[in-house]
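See below for the structure under consideration.
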Amino acid sequence: MGGDVLNYDSIKPLLETIDVAYYFVHLMGHRERDFYEAELDAAHTFARAATDAGVKRVVYMGGLGDNADSESKHLHSRHRTGEILRAELPSVIELRASMIIGIGSVGYDIIRNMVCKLPVILLPRTAETKTQPIALGDALQYLVSAATVKIKTNSVVDIGGPEILSYADIYREYAKFVGKKRLLIEIPHVSPYFAGKFLDVVTPTIHARIGAIMAESMHSEMVVVNQNAKELFPSIKLIHIREAFEHA
């Protein structure tokens, strides 16, 4: 069954027998509207429908990073969406992650395609910004556990793997993993338009469009700040990036 998250009447019936809902909505590929406004409208619509349907908990996957230090609409939208859900729903856990290492993750798929297809890789200077990638399997453990973990109030939980790396480091680590020698060249500035055209050559079109938007968030460090994940989910053991590549 499917529904339109921008249409209350479309999604409310789908939520009526649901106790826990996972909110993974991204509209960066939306062609008819500005994605930022569409994502905020979607959050309001979903929150109203979930409330009226009696959903007991919502688990939302947001993004790490500091709004105040970022010009990225993508990052602002991720955080604003979380604020809307937490304000309008009674029980929300917002898991904030940076890059997820696994097939289907746009950021990971872009790195995988570029390393496998390009002997020379052009990166913006912001590729030296620090991030804290997490293995897909570890992210899934958090998501499953978040459905039942006891919380006293709506919560934001930062999740990340055991290593803090630059984006350029991840390219280097993946090149080592697949046994390819790759030359990384940093250039002063990459516009979203140029990034989109460049990515279009080596990645699926929808990934290129989304990746161009996500590139703006590379200005901001995306690392774990609050440590409540260890308190709420003490049994989850995180794996290193090399092992994450092996499982991807």
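Last residue of the sequence shown: number 395 in this note's numbering, and the count goes up by one each step with no gaps.
The C-beta atom is built at its ideal place from N, Cα and C for all residues, glycine as well.
- prompt: Helix, strand or coil: how does DSSP classify residue 208 here?
  reply: Here residue 208 corresponds to residue number 61 of the sequence shown, with the count starting at 1. The answer is strand: DSSP assigns residue 208 an E or B state.
query: Taking contact to mean at least 3 C-beta pairs separated by less than 8 Å, is the stretch 281–292 in contact with the stretch 222–233?
result: no
- request: Spell out the partners DSSP gives residue 269 in its beta bridges.
  value: Residue numbering aside, residue 269 sits at position 122 when the sequence shown is read from its first letter. DSSP lists 332 as partners of residue 269.
- prompt: What is the DSSP secondary structure of residue 317, reduced to helix, strand or coil?
  reply: Position 170 of the sequence shown, counted from the first residue, corresponds to residue 317. Residue 317 falls in the helix class under three-state DSSP.
field: residue 324 to residue 249 span [Cα, whole Å]
entry: Along the sequence shown, read from residue 1 onward, the residue named residue 324 stands at position 177. Along the sequence shown, read from residue 1 onward, the residue named residue 249 stands at position 102. Using only the alpha carbons, I get a separation of about 14 Å.
- prompt: To the nearest whole angstrom, what separates the beta carbons of residue 317 and residue 280, a pair I think is in contact under 8 Å?
  reply: Locating residue 317 in the sequence shown gives position 170, where the first residue counts as 1. Locating residue 280 in the sequence shown gives position 133, where the first residue counts as 1. About 6 Å; that satisfies the 8 Å criterion.
- prompt: Touch check for the stretch 269–277 and the stretch 232–242: three-plus C-beta pairs under 8 Å?
  reply: no
query: Sorted by chain position, which residues of the same chain lie with C-beta nearer than 8 Å to residue 252's C-beta, five sequence neighbours on each side aside?
result: Start at 1 with the first residue of the sequence shown, and residue 252 comes out as number 105. Excluding residues within five positions, the ones whose Cβ falls inside 8 Å are 246, 283.
- prompt: Where do the ends of the alpha helix (DSSP H) carrying residue 253 lie?
  reply: Taking the sequence shown and counting its residues from 1, the one referred to as residue 253 is at position 106. 253–264 is the span of the alpha helix (DSSP H), which, as asked, contains residue 253.
message: Just to confirm the assignment, what range does the beta strand (DSSP E) spanning residue 305 have?
response: Counting from 1 along the sequence shown, the entry for residue 305 is found at position 158. It spans 302–305 - the beta strand (DSSP E) in which residue 305 sits, taken as one unbroken run.
field: Residue environment, residue 162, which counts as buried when at least 16 other CB atoms sit within 10 Å
entry: Position 15 of the sequence shown, counted from the start, is the residue given in the question as residue 162. Classification of residue 162: buried, given that the 10 Å Cβ count is 16 or more.
query: How should residue 257 be labelled, buried or exposed, when 16 other C-beta atoms within 10 angstroms of its C-beta is the threshold for buried?
result: Counted from its first residue, the sequence shown places residue 257 at position 110. That one is buried.
query: When the distance is taken between beta carbons, is residue 301 closer than 8 Å to residue 233?
result: Taking the first residue of the sequence shown as 1, we reach residue 233 at position 86. Taking the first residue of the sequence shown as 1, we reach residue 301 at position 154. Closer than 8 Å, so yes.
task: Output the boundary residues of the alpha helix (DSSP H) element that contains residue 227.
output: As a position in the sequence shown, residue 227 is number 80, starting the count at 1. It spans 220–235 - the alpha helix (DSSP H) in which residue 227 sits, taken as one unbroken run.
field: DSSP bridge partner residues for residue 169 (one or two, in chain order)
entry: As a working note, residue 169 is residue 22 in the sequence shown. DSSP, once it has assigned bridges, lists 206 as partnering residue 169.
- prompt: Are the stretch 324–334 and the stretch 187–201 touching by the rule of at least three beta carbon pairs closer than 8 Å?
  reply: no
Nearest-angstrom beta carbon gap, residue 166 and residue 203 [assumed within contact, 8 Å]: Reading the sequence shown from its first residue, position 56 is the one you call residue 203. Reading the sequence shown from its first residue, position 19 is the one you call residue 166. Rounded, the Cβ-Cβ distance is 5 Å, consistent with contact.
query: My guess is that residue 365 and residue 314 are in contact by the Cβ rule of under 8 Å, so how many angstroms apart are they, rounded?
result: Against the sequence shown, residue 365 aligns to sequence position 218. Against the sequence shown, residue 314 aligns to sequence position 167. Confirmed, about 6 Å.
task: Would you kindly report the start and end of the unbroken alpha helix (DSSP H) that includes residue 291?
output: In the sequence shown, counting from the first residue as 1, residue 291 sits at position 144. Here the alpha helix (DSSP H) through residue 291 covers 283–293.
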